[in-house]
Amino acid sequence: MYRAVEETDDVHVFDIHQNPSDSCIVGRNIRPVLGGMFRHAEQVVEAELAGATLADCMARMRERIERDEKSSHQQEGGKR
6 MYRAVEETDD
16 VHVFDIHQNP
26 SDSCIVGRNI
36 RPVLGGMFRH
46 AEQVVEAELA
56 GATLADCMAR
66 MRERIERDEK
76 SSHQQEGGKR
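Counting from 1 along the sequence shown, just add 5 to a position and that's the residue number in our numbering.
Below you can see the structure in the form of structure tokens.
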């Protein structure tokens with residue numbers, strides 16, 4: 006479902022500074038280091054989301070609605 010609702014295939018959860026300074030030892034090396042780490046994390050998240058279905062989302066939404074309604078009714082009952 007995650008891929009079905011995204012407008013592009015090029016989705017990144019994390020972003021790296023686009024203009025690091027090449028004169029700085031950190032700036033020169035941080036993009037490839039973090040890029041690999043971030044890409045791995047994104048793959049883990051994508052794999053987890055790949056198993057999510059619309060039915061899963063609907064079930065979670067129903068649970069939240071029911072919980073909110075129950076909480077609302079309990080608060081109304083306590084104010085009497």
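Note that CB positions come from ideal geometry on N, CA and C, so glycine has one too. Computed from a prediction, not measured in an experiment: that's the story for all the values here.
{"Check": "Tell me the DSSP secondary structure of residue 46 in three-state form.", "Outcome": "helix"}
{"Check": "Looking only at its chain, what residues have a beta carbon closer than 7 angstroms to the beta carbon of residue 36, apart from the 5 residues adjacent to it on each side?", "Outcome": "21, 25"}
{"Check": "Look up residue 70 in the DSSP assignment and say whether it is helix, strand or coil.", "Outcome": "helix"}
{"Check": "Please name the residue in 65, 43, 49, 59 whose C-alpha comes closest to that of residue 19.", "Outcome": "43"}
{"Check": "Quick one: Cα of residue 67 to Cα of residue 73, how far?", "Outcome": "10 angstroms"}
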